[in-house]
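Enquirer: I'd like to ask you about the structure that follows.
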Amino acid sequence: MIIREKIEIYTFMRINHDIGVWAAMLVSGRWEKEISGAETKTTASQLELVALISALRMLRFRSDVQVFTGSLDLSGGYLDLAYWRENAWINKKGVPVLDQKLWLELDNFSNIHSIAIEFIPSDCYWQPIRRLDELTRKKLAHLATRITPPAN
Numbered sequence: 785m786i787i788r789e790k791i792e793i794y795t796f797m798r799i800n801h802d803i804g805v806w807a808a809m810l811v812s813g814r815w816e817k818e819i820s821g822a823e824t825k826t827t828a829s830q831l832e833l834v835a836l837i838s839a840l841r842m843l844r845f846r847s848d849v850q851v852f853t854g855s856l857d858l859s860g861g862y863l864d865l866a867y868w869r870e871n872a873w874i875n876k877k878g879v880p881v882l883d884q885k886l887w888l889e890l891d892n893f894s895n896i897h898s899i900a901i902e903f904i905p906s907d908c909y910w911q912p913i914r915r916l917d918e919l920t921r922k923k924l925a926h927l928a929t930r931i932t933p934p935a936n
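Each position in the sequence shown, counted from 1, maps to that position plus 784 in this note's numbering.
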């Protein structure tokens, strides 16, 4: 019997105009790891997907992964992956799935890891969510100071 490591992943994102930041926290037993990044010209759904995929890239062994996200797009979309795959990446409305490249990458990770995704409300005040909220606030504020406004 192969014992898989149990991992919790928390995702969070913040978007302001053309700049979006994402963060994820991986928790297993006694260790925690926070990662974050920024994207331009993006959507909230893309940021949540990038946060989760980036966290999954950190895993070195097959794992049982429990994801906590404030994104209904991510939690609901994950449930639709099998349908999309079977229907040539066309959703139930008959249109191509948005962000297909990111969903394909997540789908590939689901072949390696056992992944469950749970929606949590954005006003949830769990400690990991509060830490990611603060991390994304600081990152977005830092990025805003580095961007020069366009000349009039």
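Ideal Cβ positions, reconstructed from N, Cα and C, are used throughout, including at glycine.
Here the structure is a predicted model, which means the values were calculated and not measured.
Go through its chain and collect everything with a Cβ distance to Arg989's Cβ below 6 Å, but skip five positions before and after it.
Expert: Residue 989 falls outside the range modelled here, since the chain spans only 785 to 936, and no answer is possible.
Enquirer: Just the Cα atoms here: how many angstroms apart are Lys817 and Ala866?
Expert: Roughly 30 Å between the two C-alpha positions.
Enquirer: Figure out for me which residue from Ile791, Ile793, Glu792, Gly804 has the closest Cα to the Cα of Thr920.
Expert: With distances taken between Cα atoms, Thr920 lies closest to Gly804.
Enquirer: So, are the CB atoms of Asp802 and Thr827 less than 7 Å apart?
Expert: No, these two residues do not count as a Cβ contact at 7 Å.
Enquirer: Quick one: give me the first and last residue of the beta strand (DSSP E) that Asn800 is part of.
Expert: Taken as a continuous stretch (DSSP letters only), the beta strand (DSSP E) holding Asn800 covers 789–800.
Enquirer: Which one of Leu858, Leu888, Glu792, Tyr862 has the shortest CA to CA distance from Ala872?
Expert: Selected option, being the one with the closest Cα: Leu888.
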